[in-house]
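The structure appears below as structure tokens.
Residue numbers (the numbering used here): 259 to 397.
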């Protein structure tokens, strides 16, 4: 039995780490505009879990009043896809080759989801009292 523990631990670490390889993440950065795209396959389900936290299991569209923040997500049985666009406005801060945005979607349950592409682009989605925080960086 003792020899099985390292085997199970190794399999667990491999299966957790392999989910990042399934992420399809792209961060397109320009000086005054950042576009973020995430595609997650149903086998990992993290983007589906994110949509559930938002209370929009099938998907949603959000656009700020000044149209400088645009978020759109959808899913089917095989995959979930989100596209976010950010331009300079209140709540959007451009950082080195990326963006940090606070999207006022009302108080939400606290959760955090991280997506990393094989090229090193990274997106972190955090929900909480202020709504949704999006941090995305291109490597």
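Beta carbons are placed, not taken as given, at the ideal position from N, Cα and C, and that holds for glycine.
Rounded to the nearest whole angstrom, the C-alpha separation of residue 328 and residue 335 is 24 angstroms.
For residue 312, the uninterrupted alpha helix (DSSP H) run begins and ends at 304-312, by DSSP.
Considering only 323, 295 and 299, the residue with the shortest C-alpha distance to residue 392 is 295. Shortest Cα-Cα distance from residue 326 to any of 365, 347, 386 and 288 involves 347.
Residue 324 counts as exposed, since fewer than 16 other beta carbons sit within 10 angstroms of its beta carbon.
Closest option to residue 281, judged by alpha-carbon separation, among 367, 355 and 375: 375. In the same chain as residue 389, and ignoring 5 residues on each side of it, the C-beta atoms closer than 8 angstroms to its own belong to 360, 361, 362, 363, 364, 365 and 366, in chain order.
Taking C-alpha positions only, residue 288 is separated from residue 349 by approximately 18 angstroms. Shortest Cα-Cα distance from residue 286 to any of 369, 386 and 353 involves 353.
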